[in-house]
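In full-length UniProt numbering, the protein residues as written are 1 to 191.
Glycine included, every Cβ here is placed at the ideal spot set by N, Cα and C.
The model shown is predicted, which means the values in this text are computed figures rather than measured ones.
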């Protein structure tokens, strides 16, 4: 269910499907790195201004699904214009800063992004750009990332399937919104 907060900036309504906390798992595979499964927590928040704040933390998982060590962290800001063009500024823990541009698909909650600019610190690994695809599918957030380096052509390197995290505050808000005349037996509700 996509909720549109009353204090969400009007320009951000097309991005409302991203709002909230998400958690799930995915696969990381890129030449020069060990292939692994990873866990991920993502947060998209807003404060009434014309952008979403984004934070993501990933960690390597062992064969039983336990956290082994951090993998990647990134944060940034997402904007969208009236023409459904999306821009993202992103900073990564490995010393990379990126500017992404893309657009939201017509009539569906899907965003394609491509890097427009990449800045790296001297300590960061070689990296020249990437692509990302985010989609809201059956109430879940799915994404795939591609990257390239001077030595490796653009190729997929990470993808994940994330579920919305439900908080006790969400449950309380939903419970307060229920009508007072729900049937007692529960069966009549489905008739």
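* To do: Please name the residue, chosen from 147, 148, 176, 143, that lies closest to residue 163 on a Cα-to-Cα basis.
  => 143
* Same chain, Cβ closer than 6 Å to residue 115, five either side skipped, listed in chain order -> 98, 100, 129, 130
* Assumed close pair residue 58, residue 39 - CB separation to whole angstroms, cut-off 8 Å -> 7 Å
* Put residue 176 into one of helix, strand or coil per three-state DSSP. => helix
* Asked: Excluding five sequence neighbours on each side, which residues of the same chain lie with their C-beta closer than 6 Å to the C-beta of residue 2?
  -> 16, 17
* Alpha-carbon to alpha-carbon, residue 11 and residue 80 -> 7 Å
* Cβ of residue 66 within 7 Å of any chain D Cβ -> In the structure shown, chain D does not exist; there is a single protein chain.
* Start-to-end residues for the beta strand (DSSP E) that takes in residue 110 -> 110-120
* To the nearest angstrom, report how far apart residue 117 and residue 141 are at their CA atoms. => 25 Å
* Cα-Cα, which of 133, 165, 66 is closest to residue 156? -> 133
* Asked: Going along the chain, which residues of its own chain have a beta-carbon closer than 6 Å to the beta-carbon of residue 135, five neighbours each way excluded?
  -> 110, 142
* Asked: If we count the other Cβ atoms within 10 Å of its Cβ and call it buried at 16 or more, is residue 82 buried or exposed?
  -> exposed
* To do: Spell out the partners DSSP gives residue 146 in its beta bridges.
  => 131, 156
* Just tell me which of 94, 113, 62 has its CA closest to the CA of residue 88. => 113
* Mapping DSSP to helix, strand and coil, what is residue 16? -> helix
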